Amino acid sequence: WGGNTTTTTIPATTITVVVSAPTATETPVALAPVITTCSKSGSFAITFDDGPIEAEKQHATFFVNGLNYRCIYDQADVIKRIVNEGHQLGSHTWSHSDLVKLSDDQIRLEMTKLEDAFRKIVGKVPRYMRPPYGSYDTRVRGIMASLGYEMVTWDIDSGDSLGYTVPQSQDVYRTSIKNAPFPTPHLALNHDVEPDTSNILGPFAFYYVIQQGYSPQTVGSCLGDKKWYKEVVPPSPRDDSWVC
1 WGGNTTTTTI PATTITVVVS APTATETPVA LAPVITTCSK SGSFAITFDD
51 GPIEAEKQHA TFFVNGLNYR CIYDQADVIK RIVNEGHQLG SHTWSHSDLV
101 KLSDDQIRLE MTKLEDAFRK IVGKVPRYMR PPYGSYDTRV RGIMASLGYE
151 MVTWDIDSGD SLGYTVPQSQ DVYRTSIKNA PFPTPHLALN HDVEPDTSNI
201 LGPFAFYYVI QQGYSPQTVG SCLGDKKWYK EVVPPSPRDD SWVC
């Protein structure tokens, strides 16, 4: 992309999006949609990044890395449990790199390497991905579209990865819902690698949104989409390729 460039900052989510305007001589490319919240009235998607962790009883969406805090192949049983218990599995790239700073080939490798792992472990390749740090531009969106992805950000950030205490993160939920109460839909970001999120904030979030009248759902469900995966194949038996 070339031409004039403008930067739009979305204060509520702390995501900076760089948008490039095409010149008259350029051919527009398809861009992956960016989903910031749910569309079904009264729905609330609670999502977790970076994990996986032990899944909650309520259905959630887990955006998983291949090699960040741990190797995905060492967590294969948890990945299987996420899918088997009806949760939604999403891509969060292989290594949690800022995609805007990578080359086109590096971005594709971040996605396809994780696809290979999902294919081996559960036989399902997600349609939805979350860009690390919420960072993307038109180039990233174009590559995601070419790979068949829809991009998911959030409209509520619990702040757990920013050093918020549990009470502070709980207040984020309370304030967000107070400002846009039921049945306004929401899509919340949490990080399950944070111990307090796994043990305290996650359970609180489910309890609180139900108390406020919401129906906790996966991202796909809260969008009315039944096709969560772009590829479904038989999973593979563990072999020597299951390494990071």
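Counting from 1, one number per residue, gives the positions in the sequence shown under full-length UniProt numbering.
Quick reminder that beta carbons are idealized off the backbone N, C-alpha and C, glycines included.
Values in this document were obtained by computation on a predicted structure and should not be read as measured data.
Item: Option nearest Tyr128 by Cα separation, candidates Ser43, Asp240, Thr36; Value: Thr36
Item: Beta-carbon proximity list for Gly148, same chain, < 7 angstroms, skipping 5 on both sides; Value: Arg127, Lys230
Item: Residues near Gly86 in its chain [Cβ-Cβ closer than 7 angstroms; skip 5 each side]; Value: His59
Item: Option nearest Gly220 by Cα separation, candidates Val78, Gly66, Asp192, Gln88; Value: Gln88
Item: Test item: CB-CB of Arg139 and Met151 under 9 angstroms; Value: no
Item: Pro216 - partner residues in DSSP beta bridges; Value: Phe44
Item: Beta-carbon gap between Gly202 and Phe48 smaller than 9 angstroms; Value: yes
Item: Alpha-carbon spacing of Asp77 relative to Trp228, whole angstroms; Value: 20 angstroms
Item: Among Leu99, Asn65, Cys71, Asp74, the one whose alpha carbon lies nearest that of Ser91; Value: Asn65
Item: Integer-rounded CB distance, given that Leu102 should sit under 8 angstroms from Glu115; Value: Not confirmed; about 16 angstroms, so no contact.
Item: Residue nearest to Ser135 in terms of C-alpha spacing, selected from Tyr173, Thr93, Lys226, Ser198; Value: Thr93
Item: Complete alpha helix (DSSP H) runs within the stretch 144-201 (minimum length 4 residues, chain order); Value: 166-179
Item: Contiguous beta strand (DSSP E) assignments of at least 3 residues, all confined to the stretch 89-142; Value: 124-126
Item: Endpoints, the beta strand (DSSP E) within which Lys230 is located; Value: 229-232
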